[in-house]
Amino acid sequence: MRENTYVVGDLVRRSVKNAILVPTSALTTEPNGKQVVFVVPPLSEQGTVTERDVTVGVHGPDEVQILKGVKAGEFVVTQGNRELVDGQTVDILNLKQVTGE
Numbered sequence: 016m017r018e019n020t021y022v023v024g025d026l027v028r029r030s031v032k033n034a035i036l037v038p039t040s041a042l043t044t045e046p047n048g049k050q051v052v053f054v055v056p057p058l059s060e061q062g063t064v065t066e067r068d069v070t071v072g073v074h075g076p077d078e079v080q081i082l083k084g085v086k087a088g089e090f091v092v093t094q095g096n097r098e099l100v101d102g103q104t105v106d107i108l109n110l111k112q113v114t115g116e
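Throughout, the working numbering is defined as the position within the sequence shown, counted from one, plus 15.
Here's what the structure looks like:
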């Protein structure tokens, strides 16, 4: 490396196998500090959301690990979730299933 040059790097602090990850936009923190996600029924144009208390693990810039509260394969709300309440009926505009390696 030449003198007076620099690089930028990120430290990998932890690797988690078989983790359940959701987009950070799916996570809602309530005023009392409780963290929740809203789950919608799969393959539906309209459905009732279910609020789930979650236990959060590792945070990344775009995703967060869920230790408890959501199962692999469930669909979580990622937009419009800040104003939702448990049991509310919603129109589902776009379902996207994300899988990790």
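We treat Cβ as the ideally placed atom computed from N, Cα and C, and that holds for glycine.
Rounded C-alpha distance that separates residue i from residue j
{"i": "phenylalanine 53", "j": "glycine 102", "result": "10 Å"}
{"i": "threonine 43", "j": "valine 51", "result": "5 Å"}
{"i": "glycine 75", "j": "asparagine 47", "result": "23 Å"}
{"i": "glutamate 60", "j": "glutamine 80", "result": "27 Å"}
{"i": "glutamine 94", "j": "leucine 36", "result": "16 Å"}
Check whether residue i and residue j have beta carbons under 8 Å apart
{"i": "proline 38", "j": "glutamate 78", "result": "yes"}
{"i": "valine 31", "j": "valine 73", "result": "yes"}
{"i": "alanine 41", "j": "valine 92", "result": "yes"}
Closest residue to residue i among the options (Cα-Cα distance)
{"i": "threonine 104", "options": "Pro56, Ala41, Gly75", "result": "Pro56"}
{"i": "aspartate 125", "options": "Val69, Pro76, Val64", "result": "Beyond the ends of the chain as shown, which are 16 and 116, falls residue 125; an answer cannot be given."}
{"i": "glutamate 66", "options": "Glu60, Gly75, Gln80, Glu45", "result": "Glu45"}
{"i": "leucine 108", "options": "Gly62, Pro76, Gly75, Leu36", "result": "Gly62"}
{"i": "aspartate 68", "options": "Leu36, Gln94, Lys49", "result": "Lys49"}
Taking contact to mean 3 or more Cβ pairs, one atom from each stretch, closer than 8 Å, check whether the stretch 71-84 and the stretch 96-106 are in contact. No, the stretch 71-84 does not touch the stretch 96-106.
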